[in-house]
Every structure is written in C-alpha cells, then in structure tokens.
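K.L.:
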Amino acid sequence: MCGIVGYTGPRNALDILVPSLERLEYRGYDSAGISIDDGNDSIHIVRTTGKLSALKKKLESHTYLEGYSGIGHTRWATHGKVTLENAHPHQDCQKAISVAHNGIVENYSSLKKILQDQGHKFLSMTDTEIIPHLIEEELKHTKSLEKAVARTVSKLEGGNSIVVISTANKGTIIAARQGHSGGIAIGSGDNEMFVASDLPAIIPHTKTIQHLDAGEMAIISPTNALYKDMKGNLLSKPYTEISFNVQGTDKGTFDHFMLKEIYEQPKAISQTFKNRVSFDKKQINFPDFPLTFKEINAVKKIVLIGMGSSLHAAMVGKT
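In numbering that gives the first Met the number 0, the protein residues as written are 0 to 318.
1) Could you check what DSSP says for Gln93 in three-state terms: helix, strand or coil?
2) Which residue marks the beginning of the alpha helix (DSSP H) containing Ile295, and which one marks its end?
3) Determine the DSSP secondary structure at Thr271, reduced to helix, strand or coil.
4) Using the DSSP secondary-structure output, state which residues sit across from Glu21 in a beta bridge.
5) Beta strand (DSSP E) containing Asp36: first to last residue?
6) Between the C-alpha atoms of Lys112 and Val152, what's the straight-line distance to the nearest angstrom?
7) Could you tell me whether the Cβ atoms of Ile70 and Val148 are closer together than 7 Å?
8) With C-beta atoms as the reference, is Ile208 less than 7 Å away from Ile183?
9) Skipping 5 residues on each side, what residues in its chain have a beta carbon closer than 7 Å to that of Tyr238?
10) What's the gap between the Cα of Gln177 and the Cα of Gly316?
11) Hey, Val81 and Ser123 are a contact pair by Cβ (cut 8 Å); roughly how many whole angstroms apart?
12) Find the nearest neighbour of His179 within the set Ile164, His119 and Glu105, judged by alpha-carbon distance.
13) Check each candidate in Met192, Ser277 and Leu51 and name the one with the smallest Cα separation from Val17.
14) If you reduce the DSSP assignment to three classes, tell me which class Gln115 lands in.
15) Taking the straight line between their C-alpha atoms, what separation do you get for Gly305 and Thr318?
16) Quick one: any contact between the segment 4-11 and the segment 54-70, if contact means 3 or more CB pairs under 8 Å?
17) Check Glu145 in the structure and name its three-state DSSP category.
18) In terms of residues, what are the limits of the beta strand (DSSP E) holding Phe193?
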C-alpha cells in the first residue's frame with residue numbers, strides 16, 4: 000500500500016505536496032519522494048529512504064525547488080528492496096516523464112524485457128519504473144500524453160493507480176486507475192486541483208471531491224479535470240461535497256494512527272449505532288442497506304477478508 004499525491008495551481012507545489020504526504024504516511028513509510036515541474040522543461044525529483052521526516056530534512060537543502068505542479072509518493076515496498084533507487088517517483092530515459100504508482104504490475108518482467116530490447120535503461124528493481132518508459136515509448140507514436148498513458152495502462156496487468164507529469168504538458172497531471180487498485184480522489188479548489196490516494200491529503204484544501212473508478216482516467220489542469228475512459232470517451236462525473244473534517248483524519252495528539260483508532264473505538268461504536276439501533280424498541284434500522292430480507296435469507300456464505308488490523312476485525316466477526 001502506497002500513498003500518492005498531486006497538485007497543480009497557483010501555489011508552490013512543494014508547500015502542498017509535503018504536508019499532504021504527511022497525512023498519508025500511514026499508507027507507507029519506508030521511502031518517500033516528490034517530483035516538481037519547474038515550468039522550464041525540467042522535472043526535479045527528490046527522494047529518500049526512511050520516514051517522511053528524512054525527505055523533509057533533505058528538502059531543506061533544495062531551496063531552488065519551485066514549481067506550480069508536481070506529484071509525490073510515500074512507499075511501502077512490494078517489488079524491490081528499500082533503497083533510494085527504488086523510491087518513487089520514477090522517470091523515463093529522457094527525464095521528461097515522472098510517475099508515482101500504487102499497485103502491482105503483474106507482467107512487469109515481460110514488459111521490462113521488451114523495453115530493454117528497445118534500448119531503455121533501468122535504474123531500479125521496481126515494477127513501477129517500466130511505466131514512464133512505456134509512456135516514453137508510446138510517445139514515439141503519438142504526441143498526446145493522454146493517449147500514451149491510456150495505451151500504457153492497457154498493457155499493464157493487475158491493479159494499478161498512477162499519476163503522471165511531463166515537461167511537454169506543463170501544469171497538467173494525468174491520473175489513471177486500472178483494476179482493483181487503490182483509489183484516486185480528485186479535489187477541485189479555486190483555480191487549483193488536488194490528487195490523492197486517500198481523502199485526508201485533500202480535505203484541508205477542498206471538500207469538492209470526485210473519485211476515479213476502474214478503467215478511468217483524468218486529465219487535470221489548474222482549472223478543471225476531464226474524465227475519460229481508456230478509449231478516450233468523455234465521462235460525466237459530477238463532484239460531491241463531503242462532510243469530513245481535518246481533525247478526524249489526522250493523528251491529533253496521538254503518536255500513531257493505531258493508537259488514535261484504539262481510543263476512538265467507543266466513539267466509533269456510538270456513531271455506528273446512532274439513529275440506527277433502538278435498544279428500547281429492540282429495532283435495527285438501516286435505510287441505506289441494499290439487500291432486502293428475502294435476499295439476506297438467501298445468503299448461504301459470508302466471506303470476510305482483511306489485512307492487518309482489519310484481519311483481526313474479520314476474525315472477531317467470524318466468531
């Protein structure tokens with residue numbers, strides 16, 4: 000599980016990306032990095048191993064790092080060890096494309112071999128690095144970054160979510176989601192747009208949100224986002240106003256998210272019961288529950304799937 004963020008707008012992207020990554024550090028903390036498009040045909044990448052505090056320390060010496068669009072990533076290693084070379088974002092051979100990725104490219108070995116035969120050089124052991132190189136290769140056949148990304152995603156097997164920036168498309172971020180990968184949320188602000196793999200990174204800036212579904216992509220500029228399927232067909236996706244607050248999604252006074260979640264259990268239980276369970280009347284009311292009593296009675300098996308603390312919750316549910 001990894002964290003992805005992106006920003007394009009009038010503010011210095013660095014000032015948005017780093018705090019946004021901090022709010023996603025629970026998604027991965029063995030390495031982190033950012034890519035900033037300086038608007039002058041260069042993408043600057045700063046990466047570190049370790050927690051986000053190491054990246055913040057390294058950025059103190061990069062006072063020149065300014066730009067109005069960029070992407071960031073916090074990693075929990077899947078393919079490749081925890082090394083600087085394996086940290087995201089990754090680039091193509093020309094250093095003109097930068098990609099942050101969440102997911103697993105199941106066929107990366109065969110794709111990497113094809114790219115190597117075409118002359119591409121790789122610097123890491125990650126599956127992610129093939130993605131900017133595939134986009135680079137596709138751009139030899141089309142001048143459209145949008146089409147190149149769509150064609151690249153169609154070649155990937157597995158569940159994958161990516162954000163892409165390019166020196167040839169200043170101020171533009173392309174986000175794409177394929178299969179059962181981690182989500183991508185897109186937030187609309189005042190002539191600025193935000194991208195993240197989870198809402199806590201966005202809601203300090205805007206509560207006007209849209210989500211990408213599988214097989215969709217977004218072409219994001221500072222003023223709007225166009226939503227399309229992988230064939231290039233326009234999609235109508237109205238934004239939603241959410242009611243989350245910042246305090247509910249950060250660590251607050253706790254040292255760790257897990258500790259916060261433990262202490263919030265009584266509140267979470269009471270909020271779950273509120274307006275749904277009446278102990279006096281011995282009634283349970285779930286007006287939004289999609290199944291009828293007839294459908295519930297027809298259920299023969301329930302499968303509980305969990306990972307980490309969710310697995311423990313599933314085990315409790317089993318009993």
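Even glycine gets a Cβ: it sits at the ideal position worked out from N, Cα and C.
As the structure is a computational prediction, the values presented were derived from the model and not from experiment.
P.N.:
Quick look at the numbers:
1) coil
2) Phe292 to Asn296
3) helix
4) BP columns for Glu21 are empty, so no partner.
5) Ser30 to Asp36
6) 17 Å
7) Contact flag unset, no.
8) no
9) Correct list, in chain order: Ser187, Thr207, Ile208 and Gln209.
10) 31 Å
11) Going by Cβ atoms, the distance from Val81 to Ser123 rounds to 12 Å, so no, they are not a contact pair.
12) Among Ile164, His119 and Glu105, the Cα nearest to that of His179 is on Glu105.
13) Leu51
14) helix
15) 15 Å
16) yes
17) When secondary structure is reduced to three states using DSSP, Glu145 falls in the helix class.
18) Met192 to Ala195
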